[in-house]
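Here's the structure, in structure tokens; my notes come after.
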Amino acid sequence: GIQVEQSPPDLILQEGANSTLRCNFSDSVNNLQWFHQNPWGQLINLFYIPSGTKQNGRLSATTVATERYSLLYISSSQTTDSGVYFCAVSSGGYQKVTFGTGTKLQVIP
Amino acid sequence: NAGVTQTPKFRILKIGQSMTLQCTQDMNHNYMYWYRQDPGMGLKLIYYSVGAGITDKGEVPNGYNVSRSTTEDFPLRLELAAPSQTSVYFCASSFDRGRGYTFGSGTRLTVV
């Protein structure tokens, strides 16, 4: 099956700093989603981005499907950005979604 | 809109007991999924459904069963609970395959 690797595994930021999270995948994909899991465990869908670039407030994402990676940018980080960020991909007609192991982000005041 | 509702939020089971985790969505989504998340790990697909009456296995289906009699409900059944099933279980639904997921708040299950 498709492999999904995320980097870095852990990240500590000072409030106000910017960061880039990376998601690499081993095969071509039809779909790619980014999720944020807050410290209380709730999973929130951030982006659906199989290709191209999208922005939502301080967050933006870019997927370069031909090179098999996606990037999530967080600008002017806030403590509420803390949690784990997951990339999830699917390919083929089956559309089974495979999650990466996540990047754990801690934003300190 | 309630979105995806899971019950219970917490449960402790003894080895060999059985239980059903409930999942209901009110968004009229055809696609529903059950995932488990072990500590410090990503999510692994247990079962999924593409519509009422249609279910299929995911990556880790052993020890679980599902049914989908209505569009709204997708219960997950654990038979003969084992310590390896200690995990957090998430139900999700989507309007399309592989995109637009909405997750429930999770069920934390401990098997002792």
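These protein sequences, in sequence, are chains A and B.
Each residue of the first sequence is one higher than the one before, starting from 1 at the first, in the working numbering.
Each residue of the second sequence is one higher than the one before, starting from 110 at the first, in the working numbering.
Where a beta carbon is used, it is the ideal one built from N, C-alpha and C, also for glycine.
It should be emphasised that the depicted structure is a prediction, and the values quoted were computed from it without experimental measurement.
- When only Cα atoms are considered, Thr-63(A) and Gly-100(A) end up about 15 Å apart.
- Burial is judged here by how many other beta carbons sit within 10 angstroms of a residue's own beta carbon; Gly-57(A) has fewer than 16 and is exposed.
- In terms of Cβ geometry, Thr-98(A) and Tyr-85(A) do not form a close pair [threshold 7 Å].
- Those residues of the segment 25-51 of chain A placed with their C-beta closer than 7 Å to a C-beta in chain B are Asn-30, Asn-31, Gln-33, Gly-41, Gln-42, Leu-43, Asn-45, Tyr-48, ordered along the chain.
- For Gln-78(A), the three-state secondary structure derived from DSSP is coil.
- Burial state of Met-141(B) is buried, judged by a 10 Å Cβ sphere holding 16 or more other Cβ atoms.
- Counting only runs of 3+ residues, the beta strand (DSSP E) found wholly inside the segment 170-195 of chain B occupies 173-175, 185-187, in chain order.
- By the neighbour-count definition (other C-beta atoms within 10 Å, threshold 16), Trp-143(B) is a buried residue.
- Any Cβ of chain A closer than 7 Å to the Cβ of Ser-158(B) would place that residue at the interface, and such an atom is absent.
- Rounded to the nearest angstrom, the Cβ distance from Phe-199(B) to Gly-215(B) is 5 Å, consistent with a contact under 8 Å.
- Taken in chain order, the members of the segment 72-96 of chain A whose beta-carbon sits within less than 7 Å of a beta-carbon on chain B are Phe-86, Ser-90, Gln-95, Lys-96.
- Contact of Thr-101(A) with chain B is assigned, a C-beta pair being separated by under 7 Å.
- Residues of the segment 123-153 of chain B with a Cβ closer than 9 Å to any Cβ of chain A, in chain order: Tyr-140, Tyr-142, Tyr-144, Gln-146, Gly-149, Met-150, Gly-151, Leu-152, Lys-153.
- Rounded to whole angstroms, the separation of the alpha carbons of Gly-207(B) and Thr-53(A) is 18 Å.
- Secondary structure of Ala-65(A) (DSSP, three-state): helix.
- Taking a contact to require three or more Cβ pairs closer than 8 Å, the segment 187-202 of chain B and the segment 126-137 of chain B qualify as touching.
- Judged by beta-carbon spacing, Gln-42(A) lies beyond the 7 Å limit of Cys-23(A), meaning their Cβ atoms are not closer than that value.
- When 7 Å is used as the limit between beta carbons, Ser-176(B) is near no residue of chain A, the shortest such separation being about 20 Å.
- Cβ neighbours of Glu-168(B) within its own chain (closer than 8 Å, five residues either side excluded): Lys-153, Leu-154, Ile-155.
- When the alpha-carbon of Val-29(A) is set against those of Ile-108(A), Asn-45(A), Cys-87(A), Thr-80(A), the nearest one is in Cys-87(A).
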